[in-house]
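Here's the structure, in C-alpha cells; my notes come after.
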Amino acid sequence: MLIRERFTVGYRERTMSTGGMAPKESWKPAVDLEVFGWGPPAPDDVVRAEQTGTKHELDVYCRSSPTKHRDKLVVNGVEWFVQGEPDDYRFGPFGFDAGVRVRLSRVEG
C-alpha cells in the first residue's frame, strides 16, 4: 500500500559564501516538496524553554527528504529552520516504508 503525499511545503536549501572574513549564510528560493503532513513534535522530543522569545516546534512527515540542518521549510506561509538530519523510518522490520520525519523549529520575540 502506497500512501499519497497530499500536501506541499516550500523547501529552501541553505548556502554558504565567504565574501569576507566570516562565512555568510543564505537560502535558495523555495521549491515545492511534497509531504504527508505535519503536526506537533512527537512525545519523545525534549522541549526546552528559551531564554528570550517563544520557541515553536513542528514535525513534517514525507517519503524522503533532501533537507539538511539549517535548511528552511515554508509551511502554510511560515518559515521554519530544519533541526538536524531527518529521522529515517524507511528500513523497519514490518514490510512497509514509513518515510522520514523532519524536525523544525522557529523562535518568536
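Going by my numbering, 56 is the number at position 56 of the sequence shown; the sequence numbering is gapless. Glycine is no exception: its CB is placed at the ideal position from the N, C-alpha and C atoms. Computed from a predicted structure; not experimentally measured.
How many Å lie between residue i and residue j at the Cα?
i	j	result
Gln-83	His-69	5 Å
Ala-22	Arg-4	43 Å
Ala-30	Phe-81	13 Å
Tyr-11	Trp-38	14 Å
Pro-40	Asn-76	14 Å
Going by C-alpha to C-alpha distance, which of the options sits closest to residue i?
i	options	result
Phe-36	Asp-59, Glu-79 and Ala-22	Asp-59
Phe-91	Arg-63, Asn-76, Glu-13 and Arg-106	Arg-63
Glu-25	Lys-55, Gly-19 and Thr-15	Thr-15
Asp-88	Val-74, Ser-65, Glu-13 and Gly-19	Ser-65
Ala-98	Phe-81, Tyr-61, Val-75 and Glu-34	Tyr-61
On the DSSP bridge list, what partners appear for residue i?
i	result
Ala-97	Per the sequence shown, residue 97 should be read as Asp rather than Ala. DSSP output for Asp-97 lists no bridge partner at all.
Phe-91	Phe-91 pairs with nothing; no bridge assigned.
Glu-79	Val-74
Lys-55	Val-107
Arg-12	Lys-72
Per DSSP, what kind of secondary structure is residue i in: helix, strand or coil?
i	result
Asp-71	coil
Arg-63	coil
Phe-36	coil
Gly-19	coil
Gly-109	coil
Whole-angstrom Cβ separation of residue i and residue j, contact assumed at under 8 Å?
i	j	result
Asp-32	Thr-8	5 Å
Val-107	Pro-86	Not a contact, Cβ separation roughly 21 Å.
Trp-27	Lys-72	6 Å
Leu-104	Glu-57	7 Å
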